[in-house]
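Be aware that the sequence shown starts at 35, since it is given in our numbering, and climbs by one per residue. Each residue gets a CB set at the ideal place from its N, CA and C atoms; glycine is no exception. All remarks here apply to the structure that follows.
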Amino acid sequence: FRGSLKIFLLHPRTEKKLHDYKLYDQFKQIEGLTIYKPIDYFSMLKLLTDKRCKLIITDSGGIIEEASVLRIPCVTIRPNTERPETVEGGVNFLVRPKALEILQTIELLLSDKEIIKRMDDFTNPYGDGYSSAKILDIIENNLNKVIFQTPESYKFGSKSFYLIDIQIPIKTSALEELYGCSVTMVYGVDGEPLLIPEKLEKGYRVKLSL
């Protein structure tokens, strides 16, 4: 590890802390270290897919998904992870933020032949990389079974509502049948809204949806 090429993607906040603690100059002198500013996602993938990439070290929870797909062992400097399946699968190794523990884990992953071999046999918990093809197959095989129903068309862009006064008592169902509508709101003689009753009394006001 000490003689290998190391690429460090330096976040602005990390850079600030290095300057605050007067460690930046010392940090730059680390053997084999190349410092990059933050890069875009596809540039990151280009680094990860380089055949020389043997290990990922991160404190993030996201890049472990790419590590799983590419079968690259990953040291995650965190006490826990939102992706426990990567730990159970043996591609993600959680380490406390302790320098000695981090170094020991790195040395182990780069030198242990059993772990290196295990990466070749690792089963990606996020699929085989052919999800889009499978989705397309499902759509093509079932498209002729789908029934497309034309939605209801409204002349005014939405349902029409009418407010009417009840002149004689009438059953709610009879009113709906008479006008081919739905009673959506009923107001009593005092103007207060009511639960829609079975019978509408004289003096009620009713909101109809056509």
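Taking the continuous alpha helix (DSSP H) assigned at residue i, which residues delimit it?
i, result
"residue 52", "46-54"
"residue 121", "118-123"
"residue 60", "58-62"
"residue 183", "From DSSP, residue 183 is part of no alpha helix (DSSP H); its letter is neither H nor E."
"residue 213", "206-213"
"residue 176", "165-176"
"residue 115", "Residue 115 -> no alpha helix (DSSP H), and no H or E assigned at all."
"residue 135", "133-145"
"residue 82", "75-82"
For residue i, I'd like the list of residues in its chain whose CB is within less than 6 Å of its CB, leaving aside the five on either flank, ordered along the chain.
i, result
"residue 204", "234"
"residue 61", "52"
"residue 244", "194 and 215"
"residue 196", "242"
"residue 136", "129"
Go through its chain and collect everything with a Cβ distance to residue i's Cβ below 7 Å, but skip five positions before and after it.
i, result
"residue 230", "206, 217 and 220"
"residue 232", "205 and 206"
"residue 160", "99, 102 and 103"
"residue 222", "228 and 238"
Please work out which residues of its chain come closer than 8 Å, Cβ to Cβ, to residue i, disregarding the five sequence neighbours upstream and downstream, and give them in chain order.
i, result
"residue 39", "66, 68 and 86"
"residue 92", "98, 108, 109, 110 and 111"
Per DSSP, residue i forms a beta bridge with which residues?
i, result
"residue 199", "239"
"residue 156", "DSSP, once it has assigned bridges, lists no residue as partnering residue 156."
"residue 108", "90 and 126"
"residue 68", "41"
"residue 233", "205"
"residue 228", "220"
Between the options, which has its C-alpha nearest residue i's C-alpha?
i, options, result
"residue 88", "95, 178 and 153", "153"
"residue 213", "198, 119 and 59", "198"
"residue 148", "57, 125 and 115", "125"
"residue 158", "54, 127, 120 and 209", "120"
"residue 115", "37, 79 and 95", "95"
"residue 201", "54, 59, 80 and 240", "240"
"residue 82", "55, 42, 211 and 178", "42"
"residue 127", "90, 74, 77 and 54", "90"
"residue 276", "150, 37, 72 and 63", "As displayed, the chain neither begins before 35 nor continues past 244, which places residue 276 out of reach and without an answer."
Hey, could you find the ends of the beta strand (DSSP E) residue i is sitting in?
i, result
"residue 216", "216-221"
Taking 8 Å as the threshold (beta carbon to beta carbon), is residue i in contact with chain C?
i, result
"residue 228", "Absent here is chain C; the protein component of the structure consists of one chain."
Checklist entry - Can we say the stretch 164-173 touches the stretch 91-107, given the rule of at least three CB pairs closer than 8 Å? => result Per the Cβ contact rule, the stretch 164-173 is not in contact with the stretch 91-107 (fewer than 3 Cβ pairs under 8 Å).
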